[in-house]
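A.B. asks: What follows is a single structure, and I will ask about it in a moment.
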Amino acid sequence: MAKQKVAMLTAGGLAPCLSSAVGGLIQRYSDVAPDLDIIAYRSGYQGVLLGDSIEVTPTMREQAYLLHRYGGSPIGNSRVKLTNIADCVKRGLVKEGENPLRVAAERLASDGITILHTIGGDDTNTTAADLAAYLGANGYDLTVVGLPKTVDNDVVPIRQSLGAWTAAEVGAHFFDNVSNEQTAAPRTLVIHEVMGRHCGWLTAATARAYIQKTSANEYVEGFMMNAELKRIDGLYLPEMLFDIEAEGERLRAIMEKTGQVTLFVSEGAGLGAIVAEREAAGETVKRDAFGHVKIDTINVGGWFQKQFAAIIGAERSMVQKSGYFARSAPANGEDLRLIQGMVDLAVESALNKVSGVTGHDEGQGGKLRAIEFPRIKGGKAFDITQLWFADVMDHIGQKYTQA
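For the sequence shown, position 53 (counting from the first letter as 1) is numbered 53 according to UniProt numbering, and the numbering increases by one without interruption.
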């Protein structure tokens, strides 16, 4: 029987778990199967297609614990869809006439890989599903086990994706400083744009973390640095219906009373309307290899700024985005515990030849298991009927309706 060989890759956007997940996998294999060779493909599926990999040496194994201290990915990311042949050809990842799935499968076979770990979000793991299906249909002996990474926390049917808790905590820290901009000029509108293409979970969780962080503050009575300055006055998610005019009037009353307005906005809030508006005007909206709108080219926060600034009579307005700051952080304690549980199961599943994505399966009572690839999907909506979200909105003083 051929010796097992492990490969791993990270793909998609960053999240505060990639470095720790890579370190955790190396540590776990070193504990339970130290004789297995490990490599990492550089820059995700791009590295698989190009044969660009990093050999994990004994010294790297010994020092793998250091990876838990850092954000980013120690092996690099990219966004590559193996079934988007035209995009792979355009980017020079395969030649004209080649099937990227076949090129990837043959690379894995020639490298002697028997276990592949994909660490990423729904795009990464649905691509892993495509690869696993191709491998199975074409007689390749390979076990593929994914770990769910996304700050959006929107992978079906996984209860909690890796890195999302940290992103919320770090986003709250980011805005705790930014909120002080309210003292820089009278009648200021500050908008905090938070990541979340289809799902408002991260915006809501960041607001909750910010409220918790600032609720214990002590202030010098009589000065402008007070609880009102640290308030959130409005929160907008893709899952919510909201009337710009009605909200504008509500926020104008707050501006008249306090001299400032603070909003938390998910980057997916109103996205469909903004894209439709631009396309109707003849603009070509850029999309990635997966067909998603390149959201960094759609200034959602700027759109809200434009809608509200005039209505509420803001003399100064600004949009601050916590996304890159939050998603590049090292994992916090909560995520480290979640990562360890998922990594341990990922290694166990891989050694037992069980393919899937590790996670707490909402379809099976939250049980931690290797979830079958065909059940993995993106775009899970945030459930705004949850009690903790109602508490957040009560604190803000904003009425809301589900979209």
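In this text, a Cβ means the ideal position worked out from N, Cα and C, and glycines have one as well. Being a predicted model, the structure only gives us computed values, none of them experimental.
(1) For a test of the three-state rule: what should DSSP assign to Asp111, helix, strand or coil?
(2) Give, in chain order, every unbroken run of the beta strand (DSSP E) that is at least 3 residues long and sits entirely within the segment 233 to 291.
(3) For the segment 365 to 380 against the segment 115 to 124, do three or more pairs of beta-carbon atoms, one drawn from each stretch, fall closer than 8 Å, so that the two count as touching?
(4) Beta-carbon within less than 6 Å of Ala40's beta-carbon, same chain only, minus the 5 sequence neighbours each way: which residues are those?
(5) With a CB to CB cut of under 8 Å and the five nearest residues on each side skipped, what residues in its chain are close to Leu336?
(6) Tell me which same chain residues have a C-beta within less than 7 Å of the C-beta of Pro157, skipping the five on either side of it?
(7) Among Gln402, Gln27, Val347, which has the Cα closest to the Cα of Thr59?
(8) Within this structure, are the beta carbons of Ala15 and Val220 separated by less than 7 Å?
(9) Just to confirm my understanding: we take Val392, look at its own chain, exclude 5 residues before and 5 after, and list those with CB closer than 8 Å. What are they?
(10) If you follow the beta strand (DSSP E) that Glu55 is in, where does it begin and where does it stop?
(11) Decide yes or no for the touch test of the segment 129 to 142 against the segment 338 to 347: beta carbon pairs closer than 8 Å, at least 3 of them.
(12) Does the Cβ of Met225 have 16 or more other Cβ atoms within 10 Å, making it buried, or fewer, making it exposed?
(13) Suppose only complete runs of 4+ residues qualify. What are the alpha helix (DSSP H) ranges in the segment 14 to 54, listed by chain order?
(14) For Pro157, list the residues DSSP reports as bridge partners.
(15) Kindly indicate which residue of Thr114, Ile85, Leu116 has the alpha-carbon position closest to the one of Val103.
(16) Using three-state DSSP, classify Ala331 as helix, strand or coil.
(17) Does the structure place the segment 317 to 332 close enough to the segment 182 to 194 that three or more beta carbon pairs sit under 8 Å?
(18) Mapping DSSP to helix, strand and coil, what is Asp152?
(19) Sorted by chain position, which residues of the same chain lie with C-beta nearer than 6 Å to Arg369's C-beta, five sequence neighbours on each side aside?
(20) Return yes when the Cβ of Ser73 is within less than 7 Å of the Cβ of residue 407, no when it is not.
(21) To the nearest angstrom, report how far apart Ile254 and Gly282 are at their CA atoms.
(22) How would you write the range of the beta strand (DSSP E) that Gly356 sits in, first residue to last?
(23) Classify Val170: buried if its beta carbon has 16 or more other beta carbons within 10 angstroms, exposed otherwise.
(24) Looking only at its own chain, which residues have a Cβ that is under 6 Å from the Cβ of Ser30, when we skip the five neighbours before and after it?
(25) What does DSSP give as the partner residue(s) for Val144 in the beta ladder?
(26) Buried or exposed, going by whether 16 or more other CB atoms sit within 10 Å of the CB of Pro186?
(27) Beta carbon of Asp35, beta carbon of Lys5: below 7 Å?
(28) What's the C-alpha gap between Gly136 and Val144?
(29) Roughly how many angstroms separate the alpha carbons of Leu387 and Ser266, rounded to a whole number?
(30) Does the beta-carbon distance from Leu147 to Thr10 come in below 7 Å?
(31) Around the Cβ of Ala172, are there at least 16 other Cβ atoms within 10 angstroms (buried) or fewer (exposed)?
C.D. replies: By the coordinates alone:
(1) In this structure, Asp111 counts as coil in the three-state DSSP scheme.
(2) 234 to 236, 260 to 266
(3) yes
(4) Met8, Ile54, Ile75
(5) Ser20, His68
(6) Asp361, Glu362, Gly363, Ile371, Arg375
(7) Gln27
(8) no
(9) Ala204, Ala207, Arg208, Ile211, Leu235
(10) 53 to 55
(11) no
(12) Under this definition Met225 is an exposed residue.
(13) Counting whole runs of 4 or more residues, the segment 14 to 54 contains the alpha helix (DSSP H) stretches 18 to 32, 45 to 50.
(14) Pro157 is not bridged to any residue.
(15) Ile85
(16) coil
(17) yes
(18) coil
(19) Here the set comprises Asp361.
(20) Because the chain is modelled from 1 through 403, residue 407 falls outside the range shown and cannot be assessed.
(21) The straight-line gap from Cα to Cα measures roughly 37 Å.
(22) Run containing Gly356: 356 to 361, per the beta strand (DSSP E) assignment.
(23) buried
(24) Arg61
(25) Leu116
(26) exposed
(27) no
(28) 11 Å
(29) 20 Å
(30) no
(31) buried
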